[in-house]
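Asks: Could you have a look at this structure, given as structure tokens, before my questions?
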Amino acid sequence: MNEKGISFAETLLTVLIIFTLAGTIIPFSYKMNKSLEKAKVQLHAAEVAYNAAKIILFEGSTSGSSLIEDIIYQWDYDGHTLCVKYEFYHEEEKACINQESVV
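Going by our numbering, the sequence shown opens with residue 15, and the numbers climb by one from there.
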């Protein structure tokens, strides 16, 4: 720094540091946000499976669907396995539960 204020080199160094920080934080926050959103959607799928199990038990229905936060969750039961299908970022996801374990 000189008597006139901040030099051009110091300004460039400051801008470079800010761009470097932003360049590392933005992709990290995007990845973390997508990961949290995927966990939320999987939680909704588990909730749909739980509600579907109650419907299967008490009403005898073998398929249905639920709409949660603009995502359609479709469930089917084939007598042994309960599967919930939904779309996440334009890819179809599927979570299945059978009587022995989660698939």
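Don't be surprised by glycine CBs; every beta carbon is placed ideally from N, CA and C.
Since this is a predicted model, take the numbers as computed values, not measurements.
(1) In three-state terms, what does DSSP make of S75?
(2) Go ahead and pull the three-state DSSP assignment for Y103.
(3) Going straight from the alpha carbon of I43 to that of F33, what length do you get?
(4) Along the chain, where does the beta strand (DSSP E) containing D90 start, and where does it finish?
(5) When we look at the beta-carbon of L57 and count the other beta-carbons within 10 Å, is it buried (16 or more) or exposed?
Replies: Inspection of the coordinates gives the following:
(1) coil
(2) coil
(3) Reading off the sequence, residue 43 comes out as Ser, not Ile. S43 and F33: Cα-Cα distance of roughly 15 Å.
(4) I85 to Y91
(5) exposed
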